[in-house]
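Be aware that the first sequence starts at 1, since it is given in the UniProt record's numbering, and climbs by one per residue.
For every residue, glycine included, the Cβ atom is placed at its ideal position computed from N, Cα and C.
Below: one structure, written as structure tokens.
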Amino acid sequence: MFREAIRKELNKIVSEGTVFSVERSENPEHGDYSSNIALVLAKKMENPPASPDGTVGAGGPRKVAEDLKVRLQNKNWRAETAGPGFLNFWIQKEALLNALGKKISFKTLTKNINLEFVSANPTGPLTMANGRGGFYGDALANILEAVGHKVTREYYINDAGNQIHILYESILAAEGKMPDKEEYYKGDYIKKLKGKSAQQAAAVLLKEIKLSLQKAGIKFDVWFSEASMRKKGELKETLEFLNGKKILKEKEGALWWNERVVVKSNGEPTYFLSDLAYHRNKLVKRRFDVVVTIVGADHHAEIKQVEEKMKIFGIDQNRLKIIIMQLVRLVSQGKEVKMSKRAGEFVILDDLIKTVGLDAARWFFLERSPDTHMDFDLDLAKERSKKNPVYYVQYAHARACSILKKAKQSRNANLNLLAQPAELNLIKKILQLTEIIEDITNDYQVHRLPRYAYELAKIFTDFYEKHHVIDPENQDLTFARATLVFATQKTLKQVLGLMGIAAPEKM
RNA sequence: GUCCUCGUAGCUCAACUGGAUAGAGCGUUGGCCUCCGAAGCCAAAGGUUGCGCGUUCAAAUCGCGCCGAGGGCACCA
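This is how it looks when you write it as structure tokens:
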């Protein structure tokens, strides 16, 4: 909230479109927030610093910063110059206490967003890798909803392609009615599907997927079937549209869009065409303001193609956001274990949750950036699940609850009594949540949230170690501190809730 | 071969998208329970951010070139 306020003030100074930063300082010596605005302006005036510390060279950024500093003083903060020309801001205590006393709310946004994730083919159980995208998408949806967006959580069921046929043949092969082939699915679950038709088998597997998702706490609003999209003739429509644009060419009996086949020589549509039709459905037919697609890295090339080619439908690129989740490597005893649904070797999401617990599993995946090529050692995960940082955060929450049960509270607490550094740090951290949420709604980097939760828990613990909340000799101070503990507890609960992780009152 | 992604402490990962002295957890070493919850706290050790050029006042972050890992390059999905 203060970041926003500072930015607003700085915007009054610069001309339209000037890019400058306002960020939380890592180092407390650099204040609560810092900006490079003077460095940017000095550069614009073609007067860069002559030395790295900015002290040499009259009229350099240091000078610009000094001038700005005077104009920027405010009852909410104090500004200072430092380094090569940074402006650092210290938030005043009164401003912090005032903000703590008010109800914290997010900036309201109201877009209609479609978020597609998981979308695993109904040809086997959900794997650990599906869990990564699943937890990430679920938490992202929670966050987007928290700021007011309307989010449709969608699962694309690939129930009309060749892979369903392969599933069927895999079952026949398991029954000994067909010779085995390398591309067939081979897990134990195939044996349980004996005697089922292709559609029946897919239906059974989809039901199991839904059950696993439910157990994992991953919710969906829409189950979008490819087969039904075909039935409605949307593939044909898309094809006709592309034909109208005169970009398709026939070669060797197939229809091509540049280097990609759209319709095979046997008349069957390719997966690429389905994907185009599906995204057209979301963006053009159902007219979502924003469409977010979360895919695994093994599909990144295809989805990038779709992103690129969607331009032909006249879609503003900002409306389509692709998030690529890097794959998870399973490591055991220092060696990689190849995970393959076809070979029947993989870690099932259900098993993972059973072994490490749902809260730890969610935390484990949410903590990491989608870009991380992560190594996962199940044995180590088991061993460490009790040491997972998630318990630290939950413990802090339980502790806060416990204190609140014992401490007397008052609505009219005199917050001015909160003056210790540990108390003010805690207030600052609580107030930061709005900024974290704002960042995530902009860049969809969900892993910022567990980081924040941990930091908040850490700072709360620091406060707890240094100061007693309940002081029988000083009721006013008890009231003030209890208010702070209450705000912390609420914030922790809210953050854990957004991640789909329990906030226990006792552990 | 080519394109995409990644390479940060012994291990698993951060670093607010170009900012100031690169941070956490686990592991290791040494200290803490008459005290609102010790699933905790304090302290220490641990780094040429894969390597080399370059751009910049400023590079883990941007560009180029190597090295290494994962993935994509089918009329498979």
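Quick check on Y452: does DSSP put it in helix, strand or coil?
Residue mapping note: residue 452 aligns to position 452 of the first sequence, counting from 1. DSSP places Y452 in helix when its eight states are reduced to three.
Restricting to Cα atoms, I'd like to know which of N36, I91, A65 and M128 is closest to F376.
The residue given as residue 376 occupies position 376 in the first sequence. Selected option, being the one with the closest Cα: M128.
C-alpha distance - V70 paired with E423, whole-angstrom precision:
Start at 1 with the first residue of the first sequence, and residue 70 comes out as number 70. Start at 1 with the first residue of the first sequence, and residue 423 comes out as number 423. Rounded to whole angstroms, V70 to E423 spans 29 angstroms at the Cα level.
Validate contact between the stretch 106-116 and the stretch 139-155 using beta carbons, cut 8 angstroms, 3 pairs:
Three or more beta-carbon pairs separated by less than 8 angstroms link the stretch 106-116 to the stretch 139-155, which places the two stretches in contact.
Segment limits, beta strand (DSSP E) that includes S35
Residue mapping note: residue 35 aligns to position 35 of the first sequence, counting from 1. Per DSSP, S35 belongs to the beta strand (DSSP E) from Y33 to S35.
Excluding the 5 residues preceding and the 5 following E169 in the sequence, name in chain order all residues of the same chain whose CB lies nearer than 7 angstroms to its CB.
Position 169 of the first sequence holds residue 169. Counting only Cβ-Cβ distances below 7 angstroms, and skipping sequence neighbours, we find M178 and Y184.
Considering only residues of the same chain and omitting the five flanking positions on each side of K273, which have a CB-CB separation below 8 angstroms?
Working through the first sequence from its first residue, we reach residue 273 at position 273. Reading off the sequence shown, one finds Leu at residue 273, where the question assumed Lys. Here L273 has L235, T238, L239, V262 and V263 as same chain residues with Cβ atoms under 8 angstroms from its own Cβ, once five neighbours each way along the sequence are excluded.
For D375, the first and last residue of its enclosing beta strand (DSSP E):
Here residue 375 refers to the residue found at position 375 of the first sequence. It spans M374 to F376 - the beta strand (DSSP E) in which D375 sits, taken as one unbroken run.
DSSP has E116 in a bridge; who is on the other side?
Taking the first residue of the first sequence as 1, we reach residue 116 at position 116. For E116, which the question treats as bridged, DSSP gives the partners E154 and T293.
Count Cβ pairs between the stretch 133-141 and the stretch 289-303 that sit closer than 8 angstroms; are there 3 or more?
Contact holds: three or more Cβ-Cβ distances are below 8 angstroms.
What are the residues that DSSP puts in a beta bridge with W90?
Stepping through the first sequence from its first residue, residue 90 is reached at position 90. Answer is R78, bridged to W90.
Can at least three beta-carbon pairs, one atom from the stretch 31-48 and one from the stretch 89-108, be found at a separation below 8 angstroms?
Per the Cβ contact rule, the stretch 31-48 is in contact with the stretch 89-108 (3 or more Cβ pairs under 8 angstroms).
Given 8 angstroms as the limit, is there contact between the stretch 486-495 and the stretch 386-403, that is, 3 or more CB pairs closer than that?
Output reads yes: the stretch 386-403 touches the stretch 486-495.
I need the DSSP call for V306, collapsed to helix, strand or coil.
Position 306 of the first sequence holds residue 306. In the three-state DSSP reduction, V306 falls in the helix class (H, G or I).
Using the Cα positions of K150 and I312, report the straight-line distance between them to the nearest angstrom.
Taking the first residue of the first sequence as position 1, residue 150 is located at position 150. Taking the first residue of the first sequence as position 1, residue 312 is located at position 312. Near 27 angstroms, if we compare the C-alpha coordinates of I312 and K150.
Whole-angstrom C-beta distance between K194 and E208, which should lie under 8 angstroms:
Indexing the first sequence from 1 puts residue 208 at position 208. Indexing the first sequence from 1 puts residue 194 at position 194. The C-beta separation of E208 from K194 comes to about 16 angstroms, leaving the pair out of contact by the 8 angstroms criterion.
The alpha helix (DSSP H) spanning M229 covers which residue range?
In the first sequence, counting from the first residue as 1, residue 229 sits at position 229. Its alpha helix (DSSP H) spans residues E226 to K231.
Only counting runs of 4 or more residues, tell me where the alpha helix (DSSP H) segments fall wholly within the stretch 197-226, in order along the chain.
Taking only runs of at least 4 residues, the alpha helix (DSSP H) segments lying wholly in the stretch 197-226 are 198-215.
Could you give the residue range of the beta strand (DSSP E) that holds A254?
Position 254 of the first sequence, counted from the start, is the residue given in the question as residue 254. DSSP places A254 inside the beta strand (DSSP E), whose first and last residues are A254 to W257.
Have a look at D359 and E80 and give me their C-alpha separation to the nearest angstrom.
Counting from 1 along the first sequence, the entry for residue 359 is found at position 359. Counting from 1 along the first sequence, the entry for residue 80 is found at position 80. When rounded, the distance between both Cα atoms is 43 angstroms.
Suppose contacts are defined by Cβ-Cβ distances below 8 angstroms. Is A341 in contact with G124 by that definition?
Here residue 341 refers to the residue found at position 341 of the first sequence. Here residue 124 refers to the residue found at position 124 of the first sequence. The question names Ala, but residue 341 in the sequence shown is Lys. It is a contact, given that the beta carbons lie within the stated cut-off.
For I324, which beta-bridge partners are listed by DSSP?
Taking the first sequence and counting its residues from 1, the one referred to as residue 324 is at position 324. According to DSSP, which records beta bridges pairwise, I324 is partnered with V295.
Just the Cα atoms here: how many angstroms apart are K219 and E145?
Stepping through the first sequence from its first residue, residue 219 is reached at position 219. Stepping through the first sequence from its first residue, residue 145 is reached at position 145. Their Cα atoms are separated by approximately 13 angstroms.
First and last residue of the uninterrupted beta strand (DSSP E) at L248
Position 248 of the first sequence, counting from 1, holds the residue named residue 248. That run of the beta strand (DSSP E) goes L248 to K251.
Within 10 angstroms of its Cβ, does I247 collect 16 or more other Cβ (buried), or is it exposed?
Numbered from its first residue, the first sequence carries residue 247 at position 247. Classification for I247: exposed.
Minimum C-alpha distance to D188 - residue among I436, L100, L205 and N74
Reading the first sequence from its first residue, position 188 is the one you call residue 188. Cα-wise, what sits closest to D188 is L205.
Contact under 8 angstroms by Cβ, L426 with L484
Here residue 426 corresponds to residue number 426 of the first sequence, with the count starting at 1. Here residue 484 corresponds to residue number 484 of the first sequence, with the count starting at 1. Going by beta carbons, L426 and L484 fall inside the 8 angstroms limit.
Between I353 and Q199, what straight-line distance do the alpha-carbon atoms span, to the nearest angstrom?
Your numbering for residue 353 matches position 353 in the first sequence. Your numbering for residue 199 matches position 199 in the first sequence. One alpha carbon belongs to I353, the other to Q199, and they sit about 29 angstroms apart.
Tell me which residues share the same chain as I13 and place their Cβ nearer than 6 angstroms to its Cβ, disregarding the 5 neighbours each side in the sequence.
As a first step, residue 13 is located in the first sequence; it is residue number 13 there, counting from the start. Taking C-beta separations shorter than 6 angstroms and ignoring five residues to either side along the sequence, I13 has no partners in its chain.
Can you tell me whether V390 is buried or exposed, with buried defined as 16 or more other CB within 10 angstroms of its CB?
The residue given as residue 390 occupies position 390 in the first sequence. V390 comes out buried.
Which residue's Cα is closest to the Cα of G267: R260, A254 and I190?
Position 267 of the first sequence, counted from the first residue, corresponds to residue 267. Distances from the CA of G267 to each of R260, A254 and I190 were compared; the closest alpha carbon is that of A254.
Using the Cβ count rule (16 or more neighbours within 10 Å means buried), how would you classify K8?
Position 8 of the first sequence, counted from the first residue, corresponds to residue 8. Around the CB of K8, fewer than 16 other CB atoms lie within 10 Å, so the residue is classed as exposed.
Do D351 and S212 have their beta-carbon atoms positioned less than 8 angstroms apart in this structure?
Within the first sequence, the letter at position 212 stands for residue 212. Within the first sequence, the letter at position 351 stands for residue 351. Not closer than 8 angstroms, so no.
With DSSP run on the structure shown, which of helix, strand or coil describes L283?
Mapped onto the first sequence, residue 283 falls at position 283. DSSP, reduced to helix, strand and coil, places L283 within a helical segment of the structure shown.
Would you call the stretch 364-373 and the stretch 319-330 touching, i.e. three or more CB-CB distances under 8 angstroms?
Contact between the stretch 364-373 and the stretch 319-330 is present: three or more C-beta pairs spanning the two stretches fall below 8 angstroms.
Rounded straight-line distance, which links the Cα of D180 to that of M507:
As a first step, residue 507 is located in the first sequence; it is residue number 507 there, counting from the start. As a first step, residue 180 is located in the first sequence; it is residue number 180 there, counting from the start. Distance from the CA atom of M507 to the CA atom of D180, rounded to whole angstroms, is 51 angstroms.
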